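Here's the structure, in structure tokens; my notes come after.
In the UniProt record's numbering, the protein residues as written are 1 to 219.
Here it is in structure tokens:
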């Protein structure tokens, strides 16, 4: 049985196997005689019947092109005021747009997961008020920062992630310890405010083209 996928086109209108029966018999039955009576390939006065099952795949009518934009965008920042009075588990910033998608910061002042009670957790979130195309993923390489508001010795940590759905986040549960966060010498909290920042270094986009569109020559 030949189950390989074959492509028929103008210059190749025929596909087959020149040793089809011999090949099958050798592999399956250890016989090489096409007219072996016990296999009944030949019957009723030297007759033989051949058959074929054909599965036709749908015509490929779309191109999907993933491109990576390595433009270094200006940093986006968010300042949390009256930080000592924040009591909710987490806070989400206003949205901002990078690479054709909208994003937001998500901050857990008292930590999340392994950071709960000992660290500040900081995330970048792909916001939910947008729709990804079927099977679309968004690749991001960026740097998250908690800003030193005194000496600009910012705490910076990289993220590299594929976002598979809106609402997903990427970041660190233990971004900065609460001890360091509250240390005046670190400069993270000044006048009861905390500033976080993200610097995008690469973000992907997915474009779709119909089969009758102009040929794509570069990505």
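C-beta: ideal position from N, C-alpha, C; glycine also.
Everything numeric in this text was worked out from a predicted model, so none of it was measured.
Return the CA-CA distance between residue i and residue j, expressed in angstroms with no decimal places.
i	j	result
residue 199	residue 12	53 Å
residue 102	residue 56	41 Å
residue 204	residue 99	7 Å
residue 136	residue 67	12 Å
residue 81	residue 209	46 Å
residue 138	residue 207	12 Å
residue 164	residue 48	55 Å
residue 174	residue 72	26 Å
residue 192	residue 131	37 Å
residue 155	residue 90	20 Å
Assign residue i to one of three DSSP states: helix, strand, or coil.
i	result
residue 220	Absent from the structure is residue 220, since the part of the chain shown begins at 1 and ends at 219.
residue 147	coil
residue 171	strand
residue 114	helix
residue 105	strand
So residue i and residue j are supposed to be a Cβ contact under 8 Å. How far apart are they, rounded?
i	j	result
residue 196	residue 145	7 Å
residue 169	residue 79	About 20 Å; that fails the 8 Å criterion.
residue 83	residue 194	5 Å
residue 124	residue 171	6 Å
Skipping 5 residues on each side, what residues in its chain have a beta carbon closer than 8 Å to that of residue i?
i	result
residue 70	201 and 202
Can you name, in chain order, every residue of its own chain whose Cβ lies under 7 Å from the Cβ of residue i, other than the five neighbours on each side?
i	result
residue 190	149 and 150
residue 117	110 and 111
residue 30	Low confidence applies here, because residue 30 scores a pLDDT of 43, under 50, leaving its location unreliable; read the following figure in that light. Excluding residues within five positions, none has a Cβ falling inside 7 Å.
residue 160	141
residue 93	78, 104 and 105
Could you give the residue range of the beta strand (DSSP E) that holds residue i?
i	result
residue 166	No beta strand (DSSP E) holds residue 166; DSSP gives it neither H nor E.
residue 179	Run containing residue 179: none in the beta strand (DSSP E); it sits in the alpha helix (DSSP H), 178-182.
If you drop the 5 nearest sequence neighbours on each side, which residues of the same chain put their C-beta closer than 6 Å to that of residue i?
i	result
residue 181	120 and 188
Compare the C-beta of residue i against all C-beta atoms of chain B and say whether one is closer than 7 Å.
i	result
residue 177	Given the protein chain composition of this structure (a single chain), no chain B is represented.
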